[in-house]
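In this note's numbering, the protein residues as written are 62 to 288.
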Ligand SMILES: *Cc1c(COP(=O)(O)O)cnc(C)c1O
């Protein structure tokens, strides 16, 4: 039952927040529904959950359309191809995966044309591992400066996806590094970056301990995905 899994997950989020003296209300759960059919999303919605994450534009657009009467909130968390940017404005509450200035500019332009402002996170490759998307930490400050100047998008924080390791403690230094980057670049007046999107099914508790405000959890809620 998804409702029981949601309850168990919220208990673990609360416990992890309590361990570090955080207010659990600062931590929001994004249910990652990629590859999951609309019925299971609806089951989670009936259990009171509202925010869902998708990583493929086409799949997301179909699900959003099929479920549009249910008042859900959709986030985009995958690599966003330039020719898919036009599907974003008005559909997604938050894009977690801005990974280049070119993408930021294209999305901002499309949002302006449609008269909306889309909140975004900049995806940072904190580990420097070259197989992952995301910008190197050294490129973050100039990208943020440019992105903040664009009408149509609103940078509200940072996201990271560390290299997979079954031991959640291996992710801790990456999460801590993202928080430190945020504290340094979001510490100036008027330039706050309140959101940190980090942590998945196997390492979300560590992410909460390190300051996550959005955790992205799929498998723990919906079960294993087909390869
Ligand atoms: C699939 C995915 C997740 C969820 O992963 P689980 O291990 O199933 O919780 C989180 N973030 C991103 C970017 C993903 O693509």
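The C-beta atom is built at its ideal place from N, Cα and C for all residues, glycine as well.
Q | Length-filtered (3 minimum) beta strand (DSSP E) runs lying within the stretch 128–198 | A | 134–137, 155–159 and 179–184
Q: Quick one: residues in its chain with C-beta nearer than 7 Å to the C-beta of residue 110, no 5 flanking neighbours on either side, listed in chain order?
A: 67 and 92
(Q) Below 8 Å, how does it come out for the stretch 244–258 and the stretch 226–234: are there three or more Cβ pairs, yes or no? (A) No, the stretch 244–258 is not in contact with the stretch 226–234.
Q: Rank 116, 143 and 186 by C-alpha distance to the C-alpha of residue 153 and give the top, closest one.
A: 116
Q: Go through the stretch 73–119 residue by residue and report every complete run of the beta strand (DSSP E) that reaches 3 residues or more, in order.
A: You should have 89–93 and 112–115.
Q) Near residue 155, which residues of its chain fall below 6 Å by C-beta distance, leaving aside the five closest residues on each side in sequence? A) 136 and 180
**Q.** Collapsed DSSP secondary structure at residue 253 in the structure displayed
**A.** Residue 253 falls in the coil class under three-state DSSP.
Q: Give the single residue among 65, 90, 189 and 76 whose Cα lies nearest to the Cα of residue 274.
A: Out of 65, 90, 189 and 76, the CA that lies nearest to the CA of residue 274 is found in 90.
Q.
Using 8 Å as the threshold, is the C-beta distance between residue 133 and residue 281 below it?
A. no
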